[in-house]
Amino acid sequence: MSQVGLDIVNENKMNWLQSMDLSFIFNLLIFLYMNTKGIIMRALDQFRLKTCMDFKTFPNGQVVSIGQNCYIIAIVEHELLHALGFWHEQSRYDRDEYVTIVYENILEGYQNNFNKYSENDTTTLGTPYDCYSVMHYSKDAFTNGNGSTIITKQPEFQDVFGQWLKISSNDVLKLN
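Counting from 1, position 20 in the sequence shown corresponds to residue 20 in full-length UniProt numbering; the numbering is continuous, with no gaps.
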């Protein structure tokens with residue numbers, strides 16, 4: 001069986017992943033609008049095209065929470081990656097080499113969204129820090145209005161990360 005390894009919980013702490021079939025099952029709720037279903041299906045198609053994964057719909061399958069008004073394929077991809085065990089890119093143990101989290105600019109109560117996880121709890125699978133990852137927050141994520149919450153160490157990436165276009169090539173490498 002293929003091993004799934006991601007910027008996720010360390011495989012020793014996630015032994016349940018080893019027992020799962022890679023044909024993940026997702027439940028598409030009946031009451032979703034056709035447009036939303038279409039966007040979800042297009043996101044699933046991107047996973048099929050770029051990875052070794054397939055998705056099937058079953059009445060009692062894995063439920064993935066897709067928020068109201070999340071009509072962007074990349075948001076669906078982001079939430080699917082969470083369902084598969086991914087954490088946010090800026091949660092990597094090596095993130096401080098690439099970005100600075102500005103805690104005083106984070107909305108009260110949202111600081112936990114910027115937690116950094118230790119090398120014992122996560123793995124990067126040898127992939128570099130990925131400013132293009134669909135799992136990376138934008139520079140102003142959860143800002144309290146006093147400035148950016150994430151600042152890159154390389155200024156040329158400041159307006160790049162937090163993109164909502166598609167899963168990045170490194171996201172795909174981690175899935176395969």
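Glycine included, C-beta positions come from ideal geometry on N, C-alpha and C.
- Where the alpha helix (DSSP H) through Lys174 begins and ends: Ser169 to Leu175 is the span of the alpha helix (DSSP H), which, as asked, contains Lys174.
- Check Lys116 in the structure and name its three-state DSSP category. Coil at Lys116, not helix or strand.
- May I have the straight-line CA-CA distance separating Glu108 from Asn144, to the nearest angstrom? Going from the Cα of Glu108 to the Cα of Asn144 covers about 8 Å.
- Task: Compare the beta carbon distance of Asn112 and Ser91 with 8 Å and say whether it is the shorter of the two.
- Result: Taking a C-beta distance under 8 Å as the contact criterion, Asn112 and Ser91 do not qualify as a contact pair.
- Task: With a cut-off of 8 Å on the beta carbons, I'd call Ile151 and Val99 a contact; round off their distance for me.
- Result: Right, the Cβ-Cβ distance comes to about 7 Å (below 8 Å), so this counts as a contact.
- Message: Tell me which residue opens and which closes the beta strand (DSSP E) that Val99 is part of.
- Response: Looking at the DSSP string, the run of the beta strand (DSSP E) that includes Val99 is Val99 to Ile101.
- Message: For Tyr103, tell me which candidate among Thr149, Asp121 and Ile73 has the shortest Cα-Cα distance.
- Response: Ranking the options by Cα distance to Tyr103, first place goes to Thr149.
- Item | Cβ neighbour criterion (16 or more within 10 Å) applied to Gly38 | Under this definition Gly38 is an exposed residue.
- For my contact list, Thr122 and Trp87 are in at a C-beta cut-off of 8 Å; report their separation, rounded to the angstrom. Thr122 to Trp87, Cβ: 7 Å. Contact.
- Item | N-terminal and C-terminal residue of the beta strand (DSSP E) that Ile151 is part of | That run of the beta strand (DSSP E) goes Ile150 to Thr152.
- Query: How would you call Phe58, buried or exposed, if buried means at least 16 neighbouring beta carbons within 10 angstroms?
  - Reply: Note on Phe58: under 16 other CB atoms within 10 angstroms of its CB, so exposed under the neighbour-count rule.
- Task: Using DSSP bridges, identify the partner residues of residue 195.
- Result: The requested residue 195 is not part of the displayed model; the chain covers only 1 to 176.
- Item | When Glu119, Tyr129 and Gln62 are compared against residue 179, the one with the closest alpha-carbon | Residue 179 falls outside the range modelled here, since the chain spans only 1 to 176, and no answer is possible.
- Task: Out of Tyr117, Phe161, Asn146 and Gln154, point me to the one whose CA is closest to Tyr137's CA.
- Result: Here the closest residue by C-alpha is Phe161.
- When DSSP labels each residue in this structure, what does Phe161 get in the three-state scheme? If DSSP states are grouped into helix, strand and coil, Phe161 belongs with coil.
- Task: Could you name the residues of the same chain whose beta carbon sits closer than 7 Å to that of Phe42, not counting the 5 residues immediately before and after it, in chain order?
- Result: In the sequence under discussion, the amino acid at residue 42 is Arg, which differs from the Phe named in the question. Non-local beta-carbon contacts of Arg42 in its own chain, meaning distances under 7 Å to residues more than five positions away in sequence, involve Ile73 in chain order.
- Using alpha carbons as the reference points, say which of Lys166, Lys174 and Asn170 lies closest to Asp45. Of the candidates Lys166, Lys174 and Asn170, the one whose C-alpha sits nearest the C-alpha of Asp45 is Lys166.
- Label Val63 either buried or exposed according to how many other C-beta atoms from any shown protein chain fall within 10 Å of its C-beta, with 16 as the threshold for buried. Under this definition Val63 is an exposed residue.
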